[in-house]
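Working notes for the structure below.
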Amino acid sequence: MRREPANRADMRLPVRQYRCYPRPGAEYDESAFGHEHRVLDLDPAAIALITVDLWNMGWGVEPLVPELGFHAEHNFVGLGKRACAEARRITEEHIAPVLAAAREAGLTIIHSNSPRVVAKHPECAYTVPEPSPSGPPEDAWPPWEIHERAREEYVATTYGPGAEAVWERMRAVADFPPPVTPVAGDLCVYQQAAVDAILRERHITAVIHVGFLLAHCLLDKPGGVRSLAAIWRAPGYRDILLRDCTIAQESHETIADFGVTKAFIFWLEATGIPTATAAEFIEAAQA
2 MRREPANRAD
12 MRLPVRQYRC
22 YPRPGAEYDE
32 SAFGHEHRVL
42 DLDPAAIALI
52 TVDLWNMGWG
62 VEPLVPELGF
72 HAEHNFVGLG
82 KRACAEARRI
92 TEEHIAPVLA
102 AAREAGLTII
112 HSNSPRVVAK
122 HPECAYTVPE
132 PSPSGPPEDA
142 WPPWEIHERA
152 REEYVATTYG
162 PGAEAVWERM
172 RAVADFPPPV
182 TPVAGDLCVY
192 QQAAVDAILR
202 ERHITAVIHV
212 GFLLAHCLLD
222 KPGGVRSLAA
232 IWRAPGYRDI
242 LLRDCTIAQE
252 SHETIADFGV
262 TKAFIFWLEA
272 TGIPTATAAE
282 FIEAAQA
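2 is the number of the first residue of the sequence shown in my numbering; add one for each residue after it.
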């Protein structure tokens with residue numbers, strides 16, 4: 002079921018990008034760089050709002066897997082308890098209202114998530130046939146053993162010994178958190194080919210991204226920024242990030258002011274991805 006725009010021809014969305022050059026007459030120094038603000042005229046019927054990896058980790062009064070505790074939920078999403086709490090606040094206070102406004106305005110809503118999560122919402126699932134898997138050629142290089150060893154070392158070093166076994170338990174219980182559960186008319190996907198098919202069928206020209214994590218899945222999952230934005234894909238889409246509807250993985254050095262999140266927002270704004278806030282989007286959608 003496709004939603005129809007609410008009797009409107011355009012949506013005027015204020016956005017900002019980063020200007021990596023000085024104003025005329027100023028010294029060519031970073032101190033003279035700054036944000037550029039403009040307004041985009043968008044057709045609601047040609048916009049897709051794409052959420053990435055909205056998960057229920059850290060949402061319950063009790064852990065999803067009691068014997069593993071909340072530690073396993075934080076580990077699975079790659080966030081400490083402070084960043085996990087911030088992700089929940091963002092989802093409740095920003096992403097949920099954005100979704101409501103987007104539905105009312107007639108935007109296409111796409112939720113990119115894992116195959117297991119998508120399977121829990123069959124009424125919204127959108128999949129396309131996939132080619133039969135074929136094994137690697139005998140002369141594949143580098144050898145798969147190198148690939149597997151490097152990945153095992155990464156997981157064990159970054160997330161701890163036994164993390165893969167914990168993650169498998171968490172994959173079984175992962176789902177959307179209550180405020181952003183898909184509704185009739187939304188589309189749930191886990192394949193890039195499915196995203197491409199939806200955008201083509203509906204003649205989408207602009208996509209708006211929200212979700213987690215900013216420096217990981219929001220960039221590289223099916224339907225992520227780097228799979229769609231014109232700066233990385235040719236031909237690609239106009240891509241807009243709602244900058245207060247996401248968070249990056251933070252370190253002990255950056256968590257106090259969410260420094261990595263700020264850095265990646267800057268990087269995207271300087272790389273050709275305009276950003277807006279949830280409030281700006283909602284106001285534009287309801288105007």
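Don't be surprised by glycine CBs; every beta carbon is placed ideally from N, CA and C.
Is residue i helix, strand or coil when you go by DSSP?
i: G35; result: strand
i: Q18; result: strand
i: Y29; result: coil
i: H210; result: strand
i: L215; result: coil
i: L50; result: strand
i: T276; result: strand
i: A231; result: coil
i: R244; result: strand
i: Y238; result: strand
i: I147; result: helix
i: D197; result: helix
i: M171; result: helix
i: H95; result: helix
i: D42; result: strand
i: R13; result: strand
i: L269; result: helix
i: H253; result: coil
i: A264; result: helix
Using a Cβ-Cβ distance cut-off of 8 Å, determine whether residue i contacts chain B.
i: Q287; result: Given the protein chain composition of this structure (a single chain), no chain B is represented.
What number of angstroms, rounded off, separates the C-alpha of residue i from the C-alpha of residue j?
i: T159; j: E153; result: 10 Å
i: R17; j: E93; result: 24 Å
i: P116; j: E28; result: 52 Å
i: L283; j: F71; result: First, the residue type needs correcting, since residue 283 is Ile and not Leu in the sequence shown. One C-alpha to the other measures close to 33 Å.
i: G45; j: M12; result: Looking at the sequence itself, residue 45 is Pro, so the reference to Gly does not match. Taking the straight line joining both Cα atoms gives about 6 Å.
i: C189; j: E149; result: 30 Å
i: W233; j: G107; result: 27 Å
i: R89; j: L43; result: 29 Å
i: A194; j: G26; result: 48 Å
i: V181; j: P98; result: 9 Å
i: N114; j: L55; result: 7 Å
i: G237; j: L219; result: 17 Å
i: K82; j: T255; result: 14 Å
i: A151; j: G136; result: 20 Å
i: E202; j: D30; result: 46 Å
i: A175; j: A101; result: 23 Å
i: G79; j: A173; result: 17 Å
i: T262; j: V208; result: 20 Å
i: N57; j: A216; result: 20 Å
i: I199; j: P123; result: 17 Å
Quick one: using the 10 Å Cβ neighbour count with 16 as the cut-off for buried, is residue i buried or exposed?
i: H95; result: buried
i: Y155; result: exposed
i: W145; result: exposed
i: Q250; result: buried
i: Y191; result: buried
i: D258; result: exposed
i: K222; result: buried
i: D240; result: buried
i: P178; result: buried
i: A285; result: buried
i: A230; result: buried
i: G59; result: buried
i: S228; result: buried
i: I91; result: buried
i: A73; result: buried
i: V40; result: exposed
i: I110; result: buried
My understanding is that residue i touches residue j, with C-beta atoms under 8 Å, so please give their C-beta distance in whole angstroms.
i: V53; j: G224; result: 7 Å
i: E270; j: T276; result: 6 Å
i: L69; j: V167; result: 6 Å
i: R20; j: H36; result: 7 Å
i: I48; j: I205; result: 7 Å
i: C85; j: D187; result: Actually they do not touch by this definition, with Cβ atoms about 24 Å apart.
i: P183; j: H75; result: Not a contact, Cβ separation roughly 24 Å.
Three CB pairs or more closer than 8 Å across the region 211-219 and the region 244-263
With the cut-off at 8 Å, the region 211-219 and the region 244-263 touch.
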